[in-house]
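> So that we are looking at the same thing, I have put the structure below in structure tokens.
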Amino acid sequence: MKILVINAGSSSLKYQLFDMDNGTVLAKGLCECIGTGGRITHKKTGDEPYSLDIPFPTHDEALEAVLAVLTDEVHGVITDISEIDAVGHRIAHGGEKCKKSTLLDEETIAYIESIVPINPLHGPPALKGIRGCMRLMSTTPQVGVFDTSFYGEIPDYAYIYPLPYELYEQYQIRRYGFHGTSHRYVAGKVAELMGRPIEELKIVTCHLGNGSSITAVDHGKAIDTTMGFTPQEGVMMGTRSGTIDPTVVTYLINSVGMSGEEVEGILNRKSGLLGVSGISNDARDVTKAANEGNYRAQLALKILAHGIKKFIGSYIAEMNGIDALVFTAGLGENDIALRERVCADMDFFGIAIDAEKNNVRSETRNISADGARVQTFIIPTDEEYMIAMDTMSLVSR
Ligand code: ADP
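Numbering (numbering that gives the first Met the number 0), first residue to last: 0 to 396.
What follows is the structure, encoded as structure tokens:
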């Protein structure tokens, strides 16, 4: 069975074609500059990447280019698009209704459209990707896989904010959680690596990238997560503040005289590693400056590790224990020093990592110190594979 996975962003579109008979990626690529130019970079497994500049006025032209390159005589991996058995779409927000991956019909699409107000950045491009695929592959099943759906069963006391309850009823203001597909993938993988059923385990998964979130997975179910109504809440990120006192917002608006948009811009694009260090949102640049003695860079890295530690501790408390701790995504997989800082002085919880085992990047590895009660792992995330798996299971029913 061949599954195409589509991840449509506002000006880009990523794709991967899987052969699920052997779990391999046949080809993958990226369309960039949709709306402003156009370039497709395509990689057939085993070949060198190939790029082509081609105008993409809309997502439709980008999708046409993806299907053309997949069926291309030289760079392609299939002879006809009818060989694609199903398409899996990454959808950031499933709102309150889409609590599982699902076949996309008009009713579901209408629901996704109806929640665009709470998903303004990611909703519209995802819908363009879905509509485009439906037009170009009208008989191929389309599946939606939602970043929020892993949190469909977190308890009400973990997702309702202590605000007037009417705000939840009227405006759906609640914790939704994001990155769920990644957390679900690494939680499943760690159980597999430990050779134990996930239903027996208490796991904390740390997805630390440009955007970061931490999730408590108790006996296979997510019971709490750091991101909330939007991906702004939780740990400090590349350019996002994460959790702060909300009165900072009203103070900046009412007393300093900033507009709501300005404050949102600060919280989303000018805070986090970039805001504190004044150097970069990329941890590599910040680490370099910190190593050269830059105080603000050092401070930014300390705030980051401190915040991650705090959430891990609170999730251990919520689950009354922990069996496994997982690091994934850009920073989680690659930042040796960050993992070291987060796991330092955690022996009270049974967490201890081995400096030598931890000295690795982008590799699946158990980095626990000998005798540590908690198993700590680095697991490269693979959201696309998870989307392909969900898609396959829905269409093979
Ligand atoms: P996104 O959230 O955009 O998917 P990623 O998961 O790809 O982001 O993470 C990107 C971040 O990972 C970069 O901004 C950088 O801070 C971090 N990163 C990548 N490689 C390294 C490395 N070798 N050392 C430290 N940090 C790294």
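Cβ atoms here follow ideal geometry from the backbone N, Cα and C, with glycine treated the same way.
Ignore the nearest five residues each way along the sequence and tell me which others in Val172's own chain have a CB closer than 6 Å to its CB.
The residue asked about is misnamed: residue 172 is Ile in this sequence, not Val. Contacts found: Leu166, Phe228.
> Quick one: Cα of Ile265 to Cα of Thr242, how far?
13 Å
> One question on the structure: do Asp389 and Val142 come within less than 8 Å of each other, judged by their Cβ atoms?
yes
> Just verifying my parser: in three-state terms, what is the DSSP assignment at Ser313?
helix
> Anyone know if the C-beta pair for Gly176 and Glu198 falls short of 8 Å?
The criterion of a C-beta distance shorter than 8 Å is not satisfied by Gly176 and Glu198.
> Indicate, with yes or no, if ligand 1 has a heavy atom lying under 7 Å from the CB of Leu12.
False, no ligand heavy atom lies under 7 Å from that Cβ.
> On the criterion of 16 or more Cβ atoms from any shown chain inside 10 Å, does Tyr294 qualify as buried, or is it exposed?
exposed
> Nearest by alpha-carbon distance to Arg174: which of Gly370, Ile153, Pro163 is it?
Ile153
> Use the C-beta contact count for Arg149: other C-beta atoms within 10 angstroms, 16 or more gives buried, fewer gives exposed.
Here the sequence assigns Phe to residue 149, which means Arg is not the residue at that position. Under this definition Phe149 is a buried residue.
> Helix, strand or coil, according to DSSP, for His206 in the structure here?
strand
> Give the single residue among Thr35, Asp59, Val73 whose Cα lies nearest to the Cα of Gly45.
By alpha-carbon distance to Gly45, the top candidate from Thr35, Asp59, Val73 is Val73.
> Does any C-beta atom of chain D lie closer than 8 Å to the C-beta of Met133?
In the displayed structure, chain D is absent; only one protein chain is listed.
> To the nearest angstrom, report how far apart Thr224 and Lys27 are at their CA atoms.
30 Å
> Just to confirm, does Asn290 get its C-beta within under 7 Å of one of the non-hydrogen atoms of ligand 1?
no
> Please work out which residues of its chain come closer than 8 Å, Cβ to Cβ, to Ser50, disregarding the five sequence neighbours upstream and downstream, and give them in chain order.
Arg38, Ile39, Thr40, His41
> Ligand 1 and Leu120: does any heavy atom of the ligand fall closer than 7 Å to the residue's C-beta?
Remark: the C-beta of Leu120 is outside contact range of ligand 1, defined as less than 7 Å to any heavy atom.
> So, with DSSP's three-state summary, where would you put Cys32?
coil
> Please report the straight-line C-alpha distance between Leu273 and Ser395, rounded to a whole angstrom.
Near 46 Å, if we compare the C-alpha coordinates of Ser395 and Leu273.
> What do you get for Gly306, buried or exposed, if any count of 16 or more other CB atoms within 10 angstroms of its CB means buried?
By the neighbour-count rule (16 or more Cβ atoms within 10 Å), Gly306 is buried.
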